[in-house]
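Residue 1075 is where the sequence shown starts when you use the working numbering, and the numbers rise one by one after that.
For every residue, glycine included, the Cβ atom is placed at its ideal position computed from N, Cα and C.
Remember, predicted model here, so these are calculated numbers, not experimental data.
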Amino acid sequence: ACRTCTTPPPMAPVGALARLQRRGTSSEVCELAKAPTLEQAKKMPVHISELSNEALYILAESGHYGACAERLARHIMSIDEVEWMVGKDKVKEIQKADESVHWVATLPYKVGISIGVGSGVACVPLCFHQPTVHAFNERFVTSEVPEPADLETALEVGSWAWNWMEPPLGVAGFVLLTMQLTRSQMQNMGVKPYTQWMKNWRGRRLARLYPQYDEDLIRAFVVNAF
């Protein structure tokens, strides 16, 4: 660094002159800093297919799905000795083979979403809507009904309904808490939760369907998809 410089150099905008001179406190010339040239800008990759093999490998190992797909396409090109477009079509074929079992893989999530949304919507009228609370009480609880003067507002209805709504809601919240704790401890021990187990199963399945290709590349392609 220049010994005569006492202030940091100003930020140079991209696309400025090729070499910019830094300011100094004396007339002594400081060293020059490089800025991107037009030629360098033209060589910048704008699509993942333009990356080098080394850069693509690093990006794929970091979990980037597009990089994993491009790496698999290049692997297919080298194995089958085909052009890039043919390799990409083969990747799409592998992707469709994986998507054929998505309904099985996503079924627990869909059930969980349905239960979560349904429970969240239903608990509001079950606590505060007087006709719904009365109907639920007559069918499942058979609790003593308060005087009409004590059920004039939604909050009064909720105070009455909370006598039997509190236990199931409290237990449900505690069950979710224990499940989250169990999942975190499983991950600490290296035990795969359902999501990771399902991804590994899908990867092994595709590796059996396409044994001519590298198993690790296929599994990485699947694991970083969904």
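- Contact check between the segment 1144-1159 and the segment 1109-1117: fewer than three CB pairs, one atom from each, fall below 8 Å, which does not count as touching.
- For the options 1196, 1121, 1120, 1141, the alpha carbon positioned closest to that of residue 1130 is the one of 1141.
- When C-alpha distances from residue 1284 are compared across 1120, 1128, 1125, 1170, the shortest belongs to 1170.
- Burial is judged here by how many other beta carbons sit within 10 angstroms of a residue's own beta carbon; residue 1214 has fewer than 16 and is exposed.
- The alpha-carbon of residue 1167 is positioned some 52 Å away from that of residue 1203.
- Residues of the same chain with a CB within less than 7 Å of the CB of residue 1287, apart from the 5 flanking positions on each side, are 1149, 1150, 1153 in chain order.
- DSSP places residue 1240 within a helical segment (H, G or I) once states are collapsed to three.
- In this structure, residue 1139 and residue 1299 form a Cβ contact; the two beta carbons are roughly 6 Å apart against a cut-off of 8 Å.
- As the crow flies, the alpha-carbon of residue 1179 is around 48 Å from that of residue 1226.
- From the listed residues 1113, 1134, 1251, the smallest Cα separation to residue 1123 is found for 1134.
- Cβ atoms of residue 1266 and residue 1297 stay farther apart than 8 Å, at about 11 Å.
- Within the same chain, and ignoring the five residues on either side of residue 1201 in sequence, the residues whose Cβ sits closer than 6 Å to its Cβ are 1232, 1235, 1239.
- Counting the other Cβ atoms within 10 Å of the Cβ of residue 1249 gives fewer than 16, which makes it exposed.
- Taking the Cα positions, residue 1137 is about 37 Å away from residue 1195.
- Cβ neighbours of residue 1224 within its own chain (closer than 8 Å, five residues either side excluded): 1230, 1234.
- Counting only residues of its own chain and dropping the five nearest sequence neighbours on each side, residue 1256 has no CB closer than 6 Å to any other CB.
- Distance between residue 1251 and residue 1289, taken at the CA atoms: about 37 Å.
- DSSP places residue 1288 in the coil class of the three-state scheme, outside both helix and strand.
- The beta carbon of residue 1164 lies closer than 7 Å to those of 1150 in the same chain, with the five residues before and after it left out.
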